[in-house]
Ligand SMILES: CC(C)(COP(=O)(O)OP(=O)(O)OC[C@H]1O[C@@H](n2cnc3c(N)ncnc32)[C@H](O)[C@@H]1OP(=O)(O)O)[C@@H](O)C(=O)NCCC(=O)NCCS
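Residue numbers (the UniProt record's numbering): 1 to 163.
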């Protein structure tokens, strides 16, 4: 399997429906174009995860802010894979490639990710990429009619450089 990231095309949209996992079930969504800007500096951006001709899923990001300076902003990344594409290493590889894109093509010092405390596959994928778990975000995420606890993860440029 050759996993690659590429801009989202119109033909991908019906295949990127998400919502079929308890960890990706956020109810009705905004028009798809909102999370499909391929620019890494887009406030809300995303790319398709493809394997040769097949669409496997998508990665996305939203920029977080930890202070007033531009240097205190960092992307928080997310991922969804179609059920048939899970458990074959694509999630790890796609997130590794997205981390490489941010550190190679922007000046960010930090990339974040967040996942449910019960999402063992995503926790493991993030740790394999080099993310470190920082703590529990209590009741932070509303999904399927309830607030859920999650783990906050980060990888710093120095972690990435010494990987
Ligand atoms: C979470 C997700 C991105 C992981 O990607 P993936 O390609 O399925 O995972 P990988 O094959 O890269 O496996 C990563 C690790 O998780 C482990 N893993 C995979 N599925 C697992 C499961 N259901 N339970 C526990 N561990 C699991 C793998 O064994 C692997 O670890 P290892 O190499 O040490 O054995 C993908 O499964 C997915 O999109 N799931 C639905 C949506 C979702 O949860 N998105 C993330 C929301 S934060």
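The beta-carbon is built from N, C-alpha and C at its ideal position, and this holds for glycine as well.
**Prompt:** Is residue 127 close to chain C, meaning its C-beta is less than 8 Å from at least one C-beta of that chain?
**Reply:** No chain C appears in the structure shown, which is made up of a single protein chain.
**Item:** Unbroken alpha helix (DSSP H) run spanning residue 161, endpoints
**Value:** 157-161
**Prompt:** Which runs of the alpha helix (DSSP H), 4 residues or longer, sit entirely within the segment 85-114?
**Reply:** 90-105
**Asked** Is the Cβ-Cβ distance between residue 136 and residue 116 less than 8 Å?
**Response** no
**Inter-residue Cα distance where the pair is residue 161 and residue 5** = Looking at the two C-alpha atoms, the distance is approximately 21 Å.
**Asked** Is the segment 92-104 in contact with the segment 67-80, if contact means three or more CB pairs nearer than 8 Å?
**Response** yes
**Request:** Quick one: using the 10 Å Cβ neighbour count with 16 as the cut-off for buried, is residue 69 buried or exposed?
**Result:** Flag for residue 69 reads exposed.
**Message:** Per the DSSP calculation, residue 138 is bridged to which residue(s)?
**Reply:** Residue 138 pairs with nothing; no bridge assigned.
**Request:** For the alpha helix (DSSP H) holding residue 81, just list the boundary residues, first then last.
**Result:** Counting along the chain, residue 81 falls outside any alpha helix (DSSP H), though it belongs to the beta strand (DSSP E) covering 73-81.
**Prompt:** Can you tell me the Cα-Cα spacing of residue 52 and residue 1, whole angstroms?
**Reply:** Their Cα atoms are separated by approximately 8 Å.
**Message:** Taking the straight line between their C-alpha atoms, what separation do you get for residue 9 and residue 49?
**Reply:** Computed Cα separation, rounded: 11 Å.
**Asked** Count the other CB atoms within 10 Å of the CB of residue 123; is the residue buried (16 or more) or exposed (fewer)?
**Response** buried
**Asked** Can the beta-carbon of residue 35 be found less than 8 Å from the beta-carbon of residue 46?
**Response** yes
**Item:** Simplified DSSP state of residue 59, which is helix, strand or coil
**Value:** strand
**Request:** Measure the Cβ-Cβ separation of residue 134 and residue 152 and say whether it is below 8 Å.
**Result:** yes
**Asked** Since residue 70 is in the alpha helix (DSSP H), which residue starts that stretch and which ends it?
**Response** Where residue 70 is concerned, there is no enclosing alpha helix (DSSP H), given that its DSSP letter is neither H nor E.
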